[in-house]
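Take a look at the structure below.
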Amino acid sequence: MTPTRVLVLNSGSSSVKYQLLDMRDGSRLAMGIVERIGEGSSRLRHTPLTTGEPREWTGAVADHEAALKAVAEELAKDGLGLDSPELAAIGHRVVHGGQRFTEPTVVDDKVLAEIERLIPVAPLHNPANLVGLRTARALRPDLPQVAVFDTAFHTTMPESAARYAIDVETADQHRIRRYGFHGTSHAYVSRATAKLLGRAPEDVNVIVLHLGNGASASAVRGGRCVDTSMGLTPLEGLVMGTRSGDVDPAVIFHLMRVGGMSTDEIDTLLNKRSGLVGLCGDNDMREIRRRIDEGDEQARLAFDIYIHRLKKYIGAYYAVLGTVDAIAFTAGVGENAAPVREAAIAGLEALGAAVDPALNAVRADGPRLISPADARVAVAVVPTDEELEIATQTYALVGKNSRAITGE
Ligand SMILES: Nc1ncnc2c1ncn2[C@@H]1O[C@H](COP(=O)(O)OP(=O)(O)O)[C@@H](O)[C@H]1O
Ligand SMILES: CC(=O)OP(=O)(O)O
Ligand SMILES: [Mg+2]
0 MTPTRVLVLN
10 SGSSSVKYQL
20 LDMRDGSRLA
30 MGIVERIGEG
40 SSRLRHTPLT
50 TGEPREWTGA
60 VADHEAALKA
70 VAEELAKDGL
80 GLDSPELAAI
90 GHRVVHGGQR
100 FTEPTVVDDK
110 VLAEIERLIP
120 VAPLHNPANL
130 VGLRTARALR
140 PDLPQVAVFD
150 TAFHTTMPES
160 AARYAIDVET
170 ADQHRIRRYG
180 FHGTSHAYVS
190 RATAKLLGRA
200 PEDVNVIVLH
210 LGNGASASAV
220 RGGRCVDTSM
230 GLTPLEGLVM
240 GTRSGDVDPA
250 VIFHLMRVGG
260 MSTDEIDTLL
270 NKRSGLVGLC
280 GDNDMREIRR
290 RIDEGDEQAR
300 LAFDIYIHRL
310 KKYIGAYYAV
320 LGTVDAIAFT
330 AGVGENAAPV
340 REAAIAGLEA
350 LGAAVDPALN
360 AVRADGPRLI
370 SPADARVAVA
380 VVPTDEELEI
390 ATQTYALVGK
400 NSRAITGE
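Residues 0 to 407 (numbering that gives the first Met the number 0) make up the sequence shown, in order.
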């Protein structure tokens with residue numbers, strides 16, 4: 000029997016999301032999430048999709064290693080445990096791959112060491128990704144563990160977009176450049192958008208807006224990324240749930256010199272106490288919309304700042320691409336928040352983009368157009384599926400390797 004299943008692990012700073020997929024048809028067998036790891040009141044939600052009902056569990060999950068072991072136990076209860084001979088590989092989302100990793104990669108000690116070396120530029124993400132890799136390896140040492148990097152899709156950016164205008168020697172010495180993140184999503188969504196338009200990815204230019212807790216925009220020309228809003232770390236660019244996005248770097252010197260803040264305090268301020276939560280106390284767009292509907296001015300201003308930044312990036316990527324065929328909204332906010340889509344596109348009629356309010360209000364699962372039929376630039380909602388994309392890339396790599404070994 001050829002193993003056909005792939006387990007995908009997406010380890011975040013305080014959560015682990017997972018999916019088990021059968022790659023014969025890409026169907027999901029189980030999925031779930033462990034949240035609030037290390038916070039005392041952690042929660043595991045496990046949904047077996049072929050057998051039984053969803054199960055929920057709250058209690059203390061001390062760290063990511065404990066979280067993965069709990070996930071393995073839940074899967075085992077449905078006969079889908081990590082010891083299954085049907086498991087072909089485990090695919091891991093790894094956020095920072097630097098310049099070295101441009102493709103999905105089978106993980107060995109050297110790869111682990113490189114991911115570890117990149118921790119300073121992805122402090123919220125790479126440590127969790129490493130624990131995921133090490134724990135999964137310990138549980139199934141015989142299985143290929145494949146790292147799929149958030150940065151990989153962006154390695155096609157030209158130097159003009161990837162470099163900061165700072166002293167070249169200093170930048171090179173410290174590998175300071177713009178890497179970009181959420182690449183798996185930008186790749187998947189730009190392709191799915193081309194498909195929605197009935198065209199080949201090579202023939203379309205797309206602006207992808209990935210608006211989740213972390214948020215980023217990208218300009219994709221003919222299937223290749225030419226610019227993206229995140230940089231050396233996932234802090235640059237759009238206003239996010241808890242991250243500031245772009246600020247004048249001199250804000251940091253000012254806070255050190257005049258505000259007496261330490262480097263770590265400023266790091267925490269910009270990564271965790273800024274963005275929507277810093278502006279109005281809430282980072283969930285549903286809550287912000289509810290407050291706006293009740294006339295809350297602070298929530299209104301936070302929303303307006305979020306939209307203003309988003310519009311600036313849309314405008315910038317129009318200019319970078321020259322011709323835009325589609326603007327695609329994705330991730331938690333992009334897929335669900337109709338007012339965000341409406342406000343971000345409002346006023347772009349002269350640039351060929353508009354939103355049809357009735358289409359924008361439709362709630363549906365699949366990719367869909369929300370622009371009027373005669374719009375020059377299609378505006379679309381295209382749900383992302385990072386897990387399916389990671390599983391597909393993982394399975395393709397493992398299949399290639401096993402054919403290489405067996406000489407097929
Ligand atoms: N129905 C909804 N309406 C508006 N915003 C939503 C809705 N559902 C989710 N969101 C937003 O999506 C965010 C999570 O997006 P997601 O892509 O799951 O983020 P991440 O993968 O970074 O955890 C939430 O914080 C919330 O702001
Ligand atoms: C890179 C990044 O910002 O990821 P997330 O949105 O999952 O935090
Ligand atoms: Mg996400």
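By construction, the Cβ of each residue, glycine as well, lies at the ideal position given by its N, Cα and C atoms.
The structure displayed is predicted, hence computed values, not measured ones.
field: CA nearest to the CA of residue 194, picked from 295, 335, 367 and 38
entry: 367
query: With distances taken from CA atoms, which of 78, 253 and 19 is nearest residue 391?
result: 19
- request: Flag this pair as yes or no: are the beta carbons of residue 208 and residue 278 separated by less than 8 Å?
  value: Cβ distance not < 8 Å, so residue 208 and residue 278 don't count as in contact.
message: Closer than 8 Å is the cut-off here; do at least three beta carbon pairs connect the stretch 8-18 with the stretch 128-143?
response: yes
field: Burial state of residue 149 (16 or more Cβ within 10 Å)
entry: buried
field: 6 Å CB neighbourhood of residue 34 in its chain, flanking five on each side removed
entry: 14 and 42
query: From this set, 369, 101, 96 and 269, which residue's C-alpha is nearest residue 112's C-alpha?
result: 96
Three-state class that DSSP yields for residue 10 in the structure shown: Assignment of residue 10 by DSSP, reduced to helix, strand and coil, places it in the strand class.
field: alpha helix (DSSP H) runs wholly inside the stretch 345-373, at least 4 long, in chain order
entry: Residue ranges of uninterrupted alpha helix (DSSP H) with 4 or more members, entirely inside the stretch 345-373 and ordered along the chain, are 356-360.
task: Kindly indicate the opening and closing residues of the beta strand (DSSP E) around residue 57.
output: 54-58
message: Mapping the DSSP letters down to three states, classify residue 215 as helix, strand or coil.
response: Strand.
query: Buried or exposed: where does residue 52 fall if 16 or more other Cβ atoms within 10 Å of its Cβ makes it buried?
result: With fewer than 16 Cβ atoms within 10 Å of its Cβ, residue 52 is classed as exposed.
field: Buried versus exposed, by CB contacts within 10 Å (16 or more), residue 87
entry: buried
message: Taking the beta carbon of residue 300 as the centre, do at least 16 other beta carbons fall within 10 Å, making it buried, or is it exposed?
response: exposed
- request: For residue 26, name the three-state secondary structure that DSSP assigns.
  value: Three-state DSSP puts residue 26 in a strand.
message: Among the candidates 94, 61, 337 and 273, whose CA atom is the shortest distance from the CA of residue 385?
response: 94
message: Beta-carbon within less than 8 Å of residue 364's beta-carbon, same chain only, minus the 5 sequence neighbours each way: which residues are those?
response: Once the five neighbours on either side are set aside, the close Cβ partners of residue 364 are 382.
query: What's the call for residue 361, buried or exposed, on a 16-neighbour Cβ count within 10 Å?
result: exposed
message: With H, G and I counted as helix, E and B as strand and the rest as coil, what does DSSP make of residue 175?
response: Coil at residue 175, not helix or strand.
task: Flag this pair as yes or no: are the beta carbons of residue 397 and residue 140 separated by less than 8 Å?
output: no
- prompt: Buried or exposed: where does residue 16 fall if 16 or more other Cβ atoms within 10 Å of its Cβ makes it buried?
  reply: Taking a 10 Å sphere around the C-beta of residue 16, we find 16 or more other C-beta atoms and assign the residue as buried.
query: If you run the structure through DSSP and keep just helix, strand and coil, what is residue 195?
result: helix
- prompt: Who does residue 47 pair with in a DSSP beta bridge?
  reply: 29
query: residue 282 by DSSP, collapsed to three states: which one?
result: In the structure shown, residue 282 falls within a coil segment according to DSSP collapsed to helix, strand and coil.
message: Within 10 Å of its beta-carbon, does residue 252 have 16 or more other beta-carbons around it, so buried, or fewer, so exposed?
response: Exposed: under 16 other Cβ atoms inside 10 Å.
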